[in-house]
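Okay, structure first, notes after.
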Amino acid sequence: MAEEKSHRLRGAVLVAVVVLAAIVVALVLVLAVSGSTGSVSTAAIGPFYEAPDPLPEGGPGTVVRSEPMKVPSAVKAPAGTNARRVLYLTTDPQDGSRRVSSGTVMVPPGKAPAGGRPVLAWAHATIGVAPKCAPSADPRPLPPAV
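Note that the sequence shown covers residues 1 to 146 in our numbering.
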């Protein structure tokens, strides 16, 4: 009988330890997430990504501002490629309001061929809605293509 009680007690202690560990892990995760959801500052990436207030006149695609940037080292671009960050007007698909979005434009050197150059567009999956989430704000090279 004493052996059975001891076995049950060890089982209860094990369950209590596992539950306590799960609670601690959950609390750590909640604190980590809540600590990172405060107001977003663009100070770390500079004022380029701040939307002007009020927004300028123009339709979707109107360039609000642009600035030169280095061609990321992972991009296989010819020497002399012109790379620019752009902030442009767009439309929120949910409510139709005017918004700004950012992107990167790269143009190879030299005169365009007859008929113009083909356009290659690449879009990332949704990775965040804050200015600091913009791939063009990341100083690191782009990851290799898959």
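Note that CB positions come from ideal geometry on N, CA and C, so glycine has one too.
Neighbour-count burial assignment, L120, 16 or more Cβ in a 10 Å radius: exposed
Contacts around G59, its chain only, beta-carbon distance under 8 Å, and the 5 residues preceding and following it disregarded: L89
Limits of the unbroken beta strand (DSSP E) element including V100: According to the DSSP assignment, V100 belongs to the beta strand (DSSP E) that extends over R98 to V107.
Within 8 Å, strictly: CB atoms of P108 and T91: no
For P112, the three-state DSSP class (helix, strand or coil): Here residue 112 turns out to be Ala, not Pro, going by the sequence shown. In the three-state scheme derived from DSSP, where H, G and I count as helix and E and B as strand, A112 is classed as coil.
Expected contact under 8 Å - CB spacing of R84 and P72 to nearest Å: 13 Å between Cβ atoms; not a contact.
Rounded distance between the beta-carbons of V100 and A51, thought under 8 Å: 4 Å
Proximal residues to R98 (C-beta, below 8 Å), its chain only, five neighbours per side dropped: L55, L89, T90, T91 and D92
Residues near V63 by beta carbon distance below 6 Å, same chain, minus five either side: Within the same chain, V63 has close Cβ partners V86 and Y88.
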